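S.K.:
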Ligand code: ASP
């Protein structure tokens, strides 16, 4: 049985177990709660996510700096970086535009006529200025200790670029760093084998407490976000892949299934990053030199699924409060959500906090977030799948343009 199938079975069984516990309120039973939901499921699920996260910092530092250092001296690093960042920004802006357009047509939330404020304390969202300043590290060790991804990426690029410029005299160091990268990759391999159990526990723990009943009167909003996420994942990405590389999408996205399953069950682009890097380099043929840059960067700044949710949520909240948005407002939403996606850490639920920044920008009541809070955990799972699919698609496109894609593998 393939590992992907095992993970799917673990996921479905976990979902059914959690659902059964929720429907029959078995959670109220002390023994079941203590030993299973809060015990076995939550403990094993948390350890599984912790072990994935454990790989992230060493993997980013070693693979990214070696990738940069061993980059062909005749090739322009800045060109690869520009192409990657431009594509990430473009796909995010496209995602939120589609989200807004579909939401404006369907007009979810109309008729709710909310005027009173809901009892909800808006989480503080950072300003754009502080997001930009916070990208630059003051201390590499504390950036790594605190897992500040953008700071780690910037330090690793800087380190790798310096090493590249003196690589003729420092080739031993590059070899050592390459060996360490291989060891960390091997660790990722070993961990992936535990995924069926980890995924089972994560699903069971989540659905025992989070029943699907929460969808209730948010059904229209929920379906709309899912619809746009599917549209982006099943139409936009495959089209971009085909247009830019000529690769037939079916085989490509089939190979990406394990990554999608990890993203769905962990709701975290960051925790999924080691698996994305492994799959993209080993199964899809993207050269590690490209992927070691595009994947960590994407897991940190490219959140198309999150942007889609933010677009639909903005229209929903505006409708619910009967506030009209002008076309300038929509443009501001596109700009702010694209910036917000850079500042959104790839961990569960952060997209919702960054939504406060988008709402505030166009003068919508940020406490409107409370309206959609109930279904956000479920949507987070699906939008994280879109986020990581976007990272992988852009990686393949950039690699193709740099002649660093093994087409035979990616078909
Ligand atoms: N969970 C998402 C991710 O990790 C971020 C978010 O939308 O909250 O990609």
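Numbering (the working numbering), first residue to last: 160 to 570. Note that the Cβ used here is the ideal one computed from N, Cα and C, for glycine as well. The structure displayed is predicted, hence computed values, not measured ones.
1) Using a Cβ distance threshold of 8 Å, determine whether the segment 376 to 396 contacts the segment 237 to 248, with at least three qualifying pairs required.
2) Following a CB-centred definition, is residue 340 positioned closer than 7 Å to any heavy atom of the ligand ASP?
3) Going by C-alpha distance, which of 179, 290, 560, 161 is nearest residue 450?
4) Considering only heavy atoms of the ligand ASP and the C-beta of each residue, which residues fall inside 6 Å, strictly closer?
5) Measuring straight from C-alpha to C-alpha, what distance separates residue 472 and residue 269?
6) Kindly confirm or deny that the segment 164 to 182 and the segment 352 to 364 touch, where touching means at least three C-beta pairs closer than 8 Å.
7) What does DSSP give as the partner residues of residue 445 in its beta bridges?
8) Would you identify the three-state DSSP class for residue 507, choosing helix, strand or coil?
9) Relative to the C-alpha of residue 325, which candidate in 227, 193, 527 has its C-alpha closest?
10) For the alpha helix (DSSP H) containing residue 474, list its first residue and its last residue.
11) DSSP three-state label for residue 318, please.
12) Quick one: what does DSSP say residue 204 is sitting in, helix, strand or coil?
13) Leaving out five residues on either side along the sequence, give the residues of the same chain with a beta carbon under 7 Å from the beta carbon of residue 569.
14) Could you check whether the segment 180 to 196 touches the segment 377 to 384, counting it as contact only if at least three pairs of C-beta atoms, one from each stretch, sit closer than 8 Å?
15) Where does the unbroken alpha helix (DSSP H) through residue 290 begin, and where does it stop?
16) Alpha carbon to alpha carbon, what distance is there between residue 341 and residue 216?
17) Applying the 10 Å Cβ sphere with the 16-neighbour rule, what's the burial state of residue 483?
18) How many angstroms separate the CA atom of residue 343 from the CA atom of residue 480?
19) Thinking just about the alpha-carbon of each residue, which of 493, 454, 532 is nearest to the one in residue 509?
20) For a test of the three-state rule: what should DSSP assign to residue 216, helix, strand or coil?
21) Pull up the distance between the alpha-carbon of residue 538 and that of residue 191, whole angstroms please.
22) Taking the straight line between their C-alpha atoms, what separation do you get for residue 182 and residue 370?
23) Just mark residue 429 as buried or exposed, buried being the case when its beta carbon has 16 or more other beta carbons within 10 Å.
24) Is it the case that the Cβ atoms of residue 176 and residue 463 are separated by a distance below 8 Å?
25) Can you list, in chain order, the residues of its chain whose CB lies under 8 Å from that of residue 180, leaving out five sequence neighbours each side?
26) Which residue wins for smallest C-alpha separation from residue 261, given the options 294, 467, 413, 331?
27) In three-state terms, what does DSSP make of residue 384?
28) Count the C-beta pairs between the segment 507 to 522 and the segment 490 to 497 that are closer than 8 Å, then say yes if the count reaches three, no if not.
29) If you draw a straight line from the C-alpha of residue 206 to the C-alpha of residue 437, how long is it?
30) If distances are taken between C-alpha atoms only, which option among 295, 398, 474 comes closest to residue 316?
31) Below 8 Å between beta carbons: does that hold for residue 548 and residue 419?
32) Check whether the Cβ atoms of residue 424 and residue 465 sit closer than 8 Å, and answer yes or no.
33) Buried or exposed: which applies to residue 166, given that a residue is buried once 16 or more other Cβ atoms fall within 10 Å of its Cβ?
34) Helix, strand or coil for residue 517? Go by DSSP, reduced to three states.
35) Exposed or buried, which one is residue 352 when buried takes at least 16 other CB atoms within 10 Å?
M.R.: Reading it off the structure:
1) Touching, no.
2) no
3) 560
4) 426, 427, 428, 462, 465, 503, 505, 506, 507, 508, 509, 510, 539, 542, 543, 546
5) 12 Å
6) yes
7) Residue pairing for residue 445: DSSP places it in a beta bridge opposite 564.
8) coil
9) In terms of CA proximity to residue 325, 227 leads the group 227, 193, 527.
10) 463 to 479
11) It is helical.
12) DSSP places residue 204 in helix when its eight states are reduced to three.
13) 406, 411, 443, 444, 555
14) no
15) 287 to 292
16) The alpha-carbon atoms of residue 216 and residue 341 are separated by roughly 14 Å.
17) exposed
18) 50 Å
19) 532
20) helix
21) Counting only the Cα atoms, residue 191 lies some 27 Å from residue 538.
22) C-alpha separation (whole angstroms): 7 Å.
23) buried
24) no
25) 186, 191, 195, 196, 363, 366, 367
26) 467
27) helix
28) yes
29) 21 Å
30) 295
31) In this structure, residue 548 places its C-beta atom within 8 Å of the C-beta atom of residue 419.
32) no
33) buried
34) helix
35) exposed
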